[in-house]
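Student: Next up is a structure, given as structure tokens.
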Amino acid sequence: MKIRPKDPKINEECHLDVLQLEQKWLSLRRTSFPKNQARVKAFVLRQDDGSRIMPEAVYFDDEQGVVGDRWYRSKKRKKEEQIAVMNIHIAQMLANGQSLELFGDNLFIDLDISEQNLPVGTRLKIGDALCEVSPEPHRPCSKFRKRFGKASFKACFEDTEYRIRGIYIFVISGGDVALGDGVEVVRRRQ
């Protein structure tokens, strides 16, 4: 695991144990997240030194992904992993009081991102950009386990239907995206 000088601070006291996570997840699953139209809730841009920026607006580019995020500068980058997305309510549950910056995901939305609602190939209009749900699964890494604990790490592998860890999307047509902008399903792949 590469440690950068300005990695976000971790508070292990916020890690949920198995029982706490099960209770919170059961309660959250009763929530009906929007299926077709939702809103952009937060952005995170990862910097080369490990620091994070949470801007109010970004640009989605078909080559660079989220302009200003370190993804584009990575030698191991894959188009299928261009933009990491999480449901904000699930992220807040897992963070349990810690900053969303810890995830390193670029986009937090309140849309239902389950496999049933957003199958691979689904097209999303996000602000002025057009994006597509990637076939690449979004799995937690060792940093995720360290930041959010063993129970949260394990849950991401056990409950793949809801995509607890999130999804990847890639940009089809670039555009400006700001906090509060709409997220709309424009076409579902069946």
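Mapping of the sequence shown onto our numbering: residues 27 to 216, in sequence order.
No residue lacks a Cβ here, since even glycine has one placed at the ideal position from N, Cα and C.
Nothing here was measured: the structure is a model prediction, and the numbers come from that model.
Helix, strand or coil: which one does DSSP assign to Glu-162?
Tutor: In the structure shown, Glu-162 sits in coil (DSSP, three-state: anything other than H, G, I, E or B).
Student: Please name the residue or residues paired with Ile-109 in a DSSP beta bridge.
Tutor: Per DSSP, Ile-195.
Student: Please state the DSSP three-state secondary structure of Leu-71.
Tutor: Leu-71 falls in the strand class under three-state DSSP.
Student: Is Arg-65 helix, strand or coil when you go by DSSP?
Tutor: It is a strand residue.
Student: Once you ignore the five residues that flank Lys-67 on each side, which residues in its own chain have a CB closer than 8 Å to its CB?
Tutor: So the qualifying residues of the chain are Ile-114, Phe-134, Ile-135, Asp-136 and Leu-205.
Student: Just to confirm the assignment: which complete beta strand (DSSP E) runs, minimum length 3, are found wholly within the region 125-149?
Tutor: Whole beta strand (DSSP E) segments, 3+ residues: 133-135.
Student: Between the C-alpha atoms of Asp-93 and Asp-43, what's the straight-line distance to the nearest angstrom?
Tutor: Per the sequence presented here, residue 93 reads as Val, with Asp not at that position. Near 36 Å, if we compare the C-alpha coordinates of Asp-43 and Val-93.
Student: What separation, rounded to the nearest whole angstrom, lies between the Cα atoms of Gln-108 and Lys-180?
Tutor: Each residue's alpha carbon lies about 24 Å from the other.
Student: Taking the alpha-carbon of Ala-64 as reference, which of Lys-172, Ile-139 and Glu-127 has the nearest alpha-carbon?
Tutor: Ala-64 has its Cα closest to that of Ile-139, out of Lys-172, Ile-139 and Glu-127.
Student: At the level of alpha carbons, what is the spacing between Met-27 and Ser-77?
Tutor: For Met-27, the pLDDT reaches just 45, beneath the cut-off of 50, and the residue's location in the model is therefore unreliable, although a value from the coordinates is still provided. When rounded, the distance between both Cα atoms is 16 Å.
Student: Starting from the Cα of Trp-51, find the closest Cα among Gln-118, Arg-215, Gln-216 and Lys-172 and give me that residue.
Tutor: Considering only alpha carbons, the answer is Gln-118.
Student: Just how far apart, CA to CA, sit Phe-69 and Glu-38?
Tutor: Their backbone Cα atoms lie some 24 Å apart in a straight line.
Student: By a C-beta neighbour count over all protein chains shown, 10 Å radius and 16 as the cutoff for buried, is Ser-160 buried or exposed?
Tutor: The residue in question, Ser-160, is buried, as its Cβ has 16 or more Cβ neighbours within 10 Å.
Student: Less than 7 Å between the beta carbons of Leu-47 and Ala-177, yes or no?
Tutor: Result yes, Cβ atoms of Leu-47 and Ala-177 sit closer than 7 Å.
Student: Got a sec? Which residues, its chain only, sit under 7 Å from Gly-123 by beta carbon, not counting five neighbours each side?
Tutor: Excluding sequence neighbours, Gly-123 sits near Cys-40.
Student: Under the DSSP definition of a beta bridge, which residues are partnered with Phe-86?
Tutor: Phe-86 pairs with Val-92 and Gly-201.
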